[in-house]
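Numbering (the working numbering), first residue to last: 2 to 416.
Comments concern the structure below.
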Amino acid sequence: MADESATAVRTTADACVVGAGPVGLLAALALGRQGWQVTLLERRPEPAPGGPPPGAPAVVNIVQPVTLHLLNQLGLLDRLTEGAGIIPGAEIYFGGHLAARYRYAELDGSPVPHALSIRSFDLVRLLLAEVAELSNVTVVWEADTQALTRGRDGAGSTLTVVTPEQRLVVDARFVLAADGRSSTIRELAGIPAEVVPSTGSYLDVVVPSPPDWDGVARAHFGAHGYLLETRRAEEGLVLVWITDSVTAAQVTEGPIELLVETLSGVVPRLGDWIAEHIKDWDQVRRVQHHFVRTKTWNLDNVVLVGDSAHGMHAFGGQGLNTSLQDAACLAEMVDSALRGDTSAGIERYEALRRPFIEAFQSLQVSNTQEPPAGAAAEEERAPEFEVLALGQPAIRPLIADAAAFLAEDNGQHRR
Numbered sequence: 002m003a004d005e006s007a008t009a010v011r012t013t014a015d016a017c018v019v020g021a022g023p024v025g026l027l028a029a030l031a032l033g034r035q036g037w038q039v040t041l042l043e044r045r046p047e048p049a050p051g052g053p054p055p056g057a058p059a060v061v062n063i064v065q066p067v068t069l070h071l072l073n074q075l076g077l078l079d080r081l082t083e084g085a086g087i088i089p090g091a092e093i094y095f096g097g098h099l100a101a102r103y104r105y106a107e108l109d110g111s112p113v114p115h116a117l118s119i120r121s122f123d124l125v126r127l128l129l130a131e132v133a134e135l136s137n138v139t140v141v142w143e144a145d146t147q148a149l150t151r152g153r154d155g156a157g158s159t160l161t162v163v164t165p166e167q168r169l170v171v172d173a174r175f176v177l178a179a180d181g182r183s184s185t186i187r188e189l190a191g192i193p194a195e196v197v198p199s200t201g202s203y204l205d206v207v208v209p210s211p212p213d214w215d216g217v218a219r220a221h222f223g224a225h226g227y228l229l230e231t232r233r234a235e236e237g238l239v240l241v242w243i244t245d246s247v248t249a250a251q252v253t254e255g256p257i258e259l260l261v262e263t264l265s266g267v268v269p270r271l272g273d274w275i276a277e278h279i280k281d282w283d284q285v286r287r288v289q290h291h292f293v294r295t296k297t298w299n300l301d302n303v304v305l306v307g308d309s310a311h312g313m314h315a316f317g318g319q320g321l322n323t324s325l326q327d328a329a330c331l332a333e334m335v336d337s338a339l340r341g342d343t344s345a346g347i348e349r350y351e352a353l354r355r356p357f358i359e360a361f362q363s364l365q366v367s368n369t370q371e372p373p374a375g376a377a378a379e380e381e382r383a384p385e386f387e388v389l390a391l392g393q394p395a396i397r398p399l400i401a402d403a404a405a406f407l408a409e410d411n412g413q414h415r416r
């Protein structure tokens with residue numbers, strides 16, 4: 002790290018975005034294209050060109066049409082689709098019986114006729130390339146934020162940052178904390194938060210795509226918990242099993258054949274394919290998810306975005322989707338505030354958004370409770386397809402405003 006006795010380099014920014022994941026990059030890109038001076042801080046090293054960030058897991062997410070529309074407004078959708086898996090629709094099963102069948106192309110108001118299964122680092126790579134085109138956006142890698150001082154009456158904040166090369170002081174009119182569930186900025190700002198590990202079990206396993214598979218995502222709810230079969234980018238079929246810890250332990254503490262038997266029992270038509278391709282526990286990925294709930298999503302000019310505000314389980318792909326939607330909407334509201342408008346819209350957004358997010362977090366919990374005690378009926382444990390695809394009804398007008406905002410690019414700051 003830089004010598005702490007060295008003279009700090011001082012810089013001024015309209016917005017300081019902390020976290021160069023998909024959420025922080027989208028916010029930085031949106032504000033940068035409006036001509037604002039943006040400093041983007043990331044604690045990890047700079048990724049190699051064309052590769053994932055160092056130490057980043059190979060995370061794959063389902064991105065819904067409403068979110069794809071936002072990315073399309075940024076000019077990214079065609080390139081993102083090249084390495085993705087197209088999901089034309091979904092089917093919902095309760096106790097082995099088909100309850101509903103949906104196709105995105107048939108859904109009224111769907112801006113894109115499919116969802117995509119994408120590698121998160123592909124989205125990061127595309128966003129980084131766009132950010133690199135903007136001379137008014139400065140990215141600082143291996144940046145350890147050590148202090149944050151809020152100005153009086155919300156009149157900006159000062160961040161003290163240390164990198165391997167220098168000490169940096171950033172004076173920012175707004176700070177957007179997109180630095181994840183263990184947010185340093187949230188802690189430095191003094192915003193109380195609960196970060197609670199999920200008591201349930203999440204595991205997934207990838208197999209090749211079965212012959213003649215139609216790419217439709219299928220969600221199975223039952224005594225086993227929740228099982229999703231869907232695309233993993235363009236790589237094949239991923240089976241995601243979310244259940245309570247007791248049910249999971251009865252399987253995971255035994256031979257791999259127990260998992261094969263469990264998955265095949267839920268999806269009999271894939272039984273032979275599963276048995277042929279799942280042979281070892283080393284093929285299975287187990288993930289510990291966390292829930293984040295904070296006292297507030299904004300304090301003066303510090304705005305929490307994504308997982309720093311409301312981390313959630315990887316259920317229905319909504320962790321990334323809701324976070325990207327938030328990033329777009331909040332960037333548009335910060336832009337308005339920087340232009341002299343009130344920042345009250347940020348508080349109103351939280352008032353609309355928080356009840357929906359927390360209800361969705363509770364819905365996720367219902368799929369990890371130990372049955373039968375406390376377990377909800379199957380129909381009560383499934384999210385609504387239209388809401389996944391099109392977003393929370395109450396904020397759809399705000400998402401539409403954000404989409405129009407993302408399409409604006411004055412082009413004056415391109416390198």
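For glycine and all other residues, C-beta sits at the position ideal for the given N, C-alpha and C.
Where residue i falls, given that 16 or more other Cβ within 10 Å makes a residue buried
i    : result
T263 : buried
V132 : buried
H98  : exposed
R382 : Reliability of the predicted coordinates at R382 is poor, the pLDDT of 49 falling under 50, and no value is obtained from them.
D327 : buried
G412 : exposed
Q147 : exposed
Q393 : buried
E166 : exposed
I192 : buried
T150 : exposed
E230 : buried
T323 : buried
S309 : buried
Identity of the residues DSSP links to residue i by a beta bridge
i    : result
G201 : D245
I87  : L117
R104 : G90
D145 : V163
D273 : DSSP output for D273 lists no bridge partner at all.
H414 : Its beta-bridge partners do not exist; DSSP assigns none.
C17  : T40, V176
F357 : Note: F357 sits in no beta bridge, so no partner.
N299 : V304
G223 : G226
V288 : For V288, which the question treats as bridged, DSSP gives no partner whatsoever.
H278 : Note: H278 sits in no beta bridge, so no partner.
I63  : S118
E195 : R294
A218 : A91
Residues near residue i by beta carbon distance below 8 angstroms, same chain, minus five either side
i    : result
T12  : T40, T139, L169, V170, V171, D172
E409 : R34, Q35
V113 : P66, L69, H70, N73, L78, Y105
Test item: CB-CB of residue i and residue j under 7 angstroms
i    : j    : result
H414 : G76  : no
H1   : V293 : There is simply no residue 1 to check, as the chain begins at 2 and stops at 416 in what is shown.
G307 : A179 : yes
P66  : S111 : yes
A31  : L407 : yes
W418 : I243 : Lying outside 2 to 416, the shown extent of the chain, residue 418 is not represented and no answer is given.
S1   : A338 : With the chain covering only 2 through 416, there is no way to say anything about residue 1.
E387 : R219 : no
V261 : H221 : no
M334 : G346 : yes
L27  : L399 : no
P23  : V176 : no
R80  : L127 : yes
A194 : T295 : yes
H291 : R182 : yes
S121 : V64  : no
Cβ-based neighbour list, residue i, same chain, cut-off 7 angstroms, excluding 5 preceding and 5 following
i    : result
A144 : L42, E43, R44, V162, T164
L78  : L69, L72
R397 : L391
E235 : G84, A85, G86
L108 : E387, A390
A29  : V18, V39, L41, V132, V138
L259 : V252
A374 : Here the model assigns A374 a pLDDT of 36, short of 50, so the residue's position is not dependable, and the following value carries that caveat. There are no such residues.
Whole-angstrom C-beta distance between residue j and residue i, which should lie under 8 angstroms
i    : j    : result
I87  : G237 : In fact, because the Cβ distance is near 14 angstroms, the residues do not count as touching under 8 angstroms.
A404 : V303 : A404 to V303, Cβ: 25 angstroms. No contact.
V206 : L240 : 5 angstroms
G272 : G96  : About 18 angstroms separates the two Cβ atoms, so there is no contact after all.
Residues near residue i by beta carbon distance below 6 angstroms, same chain, minus five either side
i    : result
H278 : V208
V19  : L42, A178, D180, I186
S202 : T244, S246, A249
R174 : D15, G157
N299 : I347
V285 : L204, V206
Y94  : H221
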